[in-house]
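Engineer: One structure, as structure tokens, below. Some questions next.
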Amino acid sequence: DADGIGDVGKGGHDHAPLARGQVLDGLDQFVGEQPRARFHDGHGGGNPFWGLPGSGGPDPQAEIIERRHRRDQLSAQRPDDRGLGTRRRLMATIVLLHPFPVDSRFWDDVIPPLEATGHSVMAPDLPGFGSRAAEPGWSMRGEADRLAGQLPEGAMVVGLSMGGYLALALVAAHPDRVGRLVLADTRAEGEAPDGLDARRAAAEGLRANGTADFVAAFVPRAMWPGAEPATVERLTELATAQSADAMADA
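In terms of the numbering used here, the sequence shown opens at residue 1479 and continues consecutively.
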């Protein structure tokens, strides 16, 4: 049910720890003030090009500037004890679901700046990874049910690779828990027969030989060309810290 062990045989995914700016820039589009809908909203007659130059609609850049100015004015008028003003109402519970074959420490550089802006952040370990005890036979649906019981309505769920599988299972089984969904380097379709065979072979190899050879093959495939040595070292460290059984069960 989980992503990962077949990735080495299939060319892998880009699972390198994300640059803090990349994640924050992407999340800001979701947890900041949302743009006013222009499509089928009574303006432009459902024209998908409404708001673009020559469409007769408003200039989108001007709207963005106006919206930010209005937000700043409101924040100044209604400051709260954290100086966040009306943005407090926009703060989200953000759930970060880690990829294979690492644990929730993958998000260590991302969590502090999100919390510093007032967001509540959850970064759970999946079964057998990090500090989480192994649960042989665990499934994405079962994990989604467990996670749903810990979330408020409308949480923002961010899933990377294997974490994306869990995010999809969560929104399918408990859509009221997910207000916004970010999926990165993941997929919705099931595994092809040859992919399943590769996963089984990888799992057998992990249980028989441990993680050293697997991690050595996985990390270069997961990184981009020219990755910083410190980034490669960190991914290797996180992957090496996981047990062979956890990787095989996933």
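All C-beta atoms in this analysis are idealised placements derived from N, C-alpha and C, irrespective of residue type, glycine included. Since we're looking at a predicted model, the values are computed, not measured.
#1: Starting from residue 1674, trace the beta strand (DSSP E) both ways and give me its first and last residue.
#2: Quick one: grab the DSSP three-state call for residue 1728.
#3: Rounded to a whole number of angstroms, what is the C-alpha to C-alpha distance between residue 1627 and residue 1645?
#4: With respect to the alpha helix (DSSP H) encompassing residue 1732, which residues constitute its N-terminal and C-terminal limits?
#5: Who are the Cβ neighbours of residue 1654 in its own chain at under 6 Å, not counting the five residues just before and after it?
#6: Could you give the DSSP three-state label for residue 1637: helix, strand or coil?
#7: In this structure, does DSSP put residue 1595 in helix, strand or coil?
#8: Name the residue from 1596, 1723, 1694, 1673 whose alpha carbon lies nearest to the alpha carbon of residue 1710.
#9: Tell me which same chain residues have a C-beta within less than 6 Å of the C-beta of residue 1717, skipping the five on either side of it?
#10: So, helix, strand or coil for residue 1697, using DSSP?
#11: Between the stretch 1663 to 1683 and the stretch 1589 to 1597, can you find at least three pairs of beta-carbon atoms closer than 8 Å?
#12: Check each candidate in 1650, 1608, 1622 and name the one with the smallest Cα separation from residue 1724.
#13: Among 1675, 1657, 1672, 1647, which has the Cα closest to the Cα of residue 1664?
#14: Give the secondary structure of residue 1575 by DSSP, where H, G and I count as helix, E and B as strand, and everything else as coil.
#15: Buried or exposed, going by whether 16 or more other CB atoms sit within 10 Å of the CB of residue 1700?
Structural biologist: For this structure:
#1: The sequence position of residue 1674 within the sequence shown is 196, counting from 1. From DSSP, residue 1674 is part of no beta strand (DSSP E) but of the alpha helix (DSSP H) over 1671 to 1687.
#2: The count along the sequence shown starts at 1 and reaches residue 1728 at position 250. Reduced to three states, the DSSP call for residue 1728 is coil.
#3: For the purposes of this step, residue 1627 is identified with residue 149 of the sequence shown, where counting begins at 1. For the purposes of this step, residue 1645 is identified with residue 167 of the sequence shown, where counting begins at 1. In a straight line, the C-alpha of residue 1627 is about 14 Å away from that of residue 1645.
#4: The structure shown does not extend to residue 1732, since the chain spans only 1479 to 1728, so no value can be given for it.
#5: Locating residue 1654 in the sequence shown gives position 176, counting from the first residue. Cβ neighbours of residue 1654 beyond the five flanking positions: 1631.
#6: As a working note, residue 1637 is residue 159 in the sequence shown. In this structure, residue 1637 counts as strand in the three-state DSSP scheme.
#7: For this step, residue 1595 is matched to residue 117 along the sequence shown. In this structure, residue 1595 counts as coil in the three-state DSSP scheme.
#8: Your numbering for residue 1710 matches position 232 in the sequence shown. Residue 1694 is the option with its Cα nearest to residue 1710.
#9: For this step, residue 1717 is matched to residue 239 along the sequence shown. So the qualifying residues of the chain are 1579, 1580, 1693.
#10: Locating residue 1697 in the sequence shown gives position 219, where the first residue counts as 1. Residue 1697: helix per DSSP, three-state reduction.
#11: no
#12: On the sequence shown, residue 1724 is found 246 positions in, with the first residue counted as 1. Measuring from the Cα of residue 1724, the nearest candidate turns out to be 1608.
#13: Position 186 of the sequence shown, counting from 1, holds the residue named residue 1664. Nearest in C-alpha terms to residue 1664, of all of 1675, 1657, 1672, 1647, is 1647.
#14: To locate residue 1575, count along the sequence shown from 1; it is residue 97. If DSSP states are grouped into helix, strand and coil, residue 1575 belongs with the strands.
#15: Mapped onto the sequence shown, residue 1700 falls at position 222. Buried, by the Cβ-count rule.
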